[in-house]
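Reviewing the structure listed below.
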Amino acid sequence: MPRARVWDALIARTHSLGLFFEDYPELADLDLPEWSHLSRASATRFTRFYVSRLLRDVAWLQRR
Numbered sequence: 003m004p005r006a007r008v009w010d011a012l013i014a015r016t017h018s019l020g021l022f023f024e025d026y027p028e029l030a031d032l033d034l035p036e037w038s039h040l041s042r043a044s045a046t047r048f049t050r051f052y053v054s055r056l057l058r059d060v061a062w063l064q065r066r
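Positions in the sequence shown are counted from 1; adding 2 to them yields this note's numbering.
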């Protein structure tokens, strides 16, 4: 599905924080062995990245 029609529209309509992997060079080389799940090492990297972004970009998390 085209990003602009699906992902960007979903984020805009739900007023959500959206992190699209192609926007972040540090996520470019994540390993998806069977194209649907991350390898253990990549899952750890992704989770650290994701949580750091949430803590940086979500105001109510910063107040905790």
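We treat Cβ as the ideally placed atom computed from N, Cα and C, and that holds for glycine.
When you compare the CB positions of R55 and L12, do they come within less than 7 Å of one another, or not?
No, Cβ-Cβ distance for R55 and L12 is not below 7 Å.
DSSP three-state call for E36: helix, strand or coil?
It is coil, neither helix nor strand.
Going by DSSP, what residue range makes up the alpha helix (DSSP H) through I63?
For the record, residue 63 in the displayed sequence is Leu; it is not Ile. Per DSSP, the unbroken alpha helix (DSSP H) holding L63 starts and ends at 61-64.
In its own chain, which residues sit with a C-beta less than 7 Å from the C-beta of D59, not counting the 5 before and 5 after it?
Non-local beta-carbon contacts of D59 in its own chain, meaning distances under 7 Å to residues more than five positions away in sequence, involve L19 in chain order.
What's the gap between the Cα of R65 and the Cα of R15?
Roughly 25 Å between the two C-alpha positions.
Hey, how far is the Cα of L34 from the Cα of Y52?
Cα-Cα distance, rounded: 17 Å.
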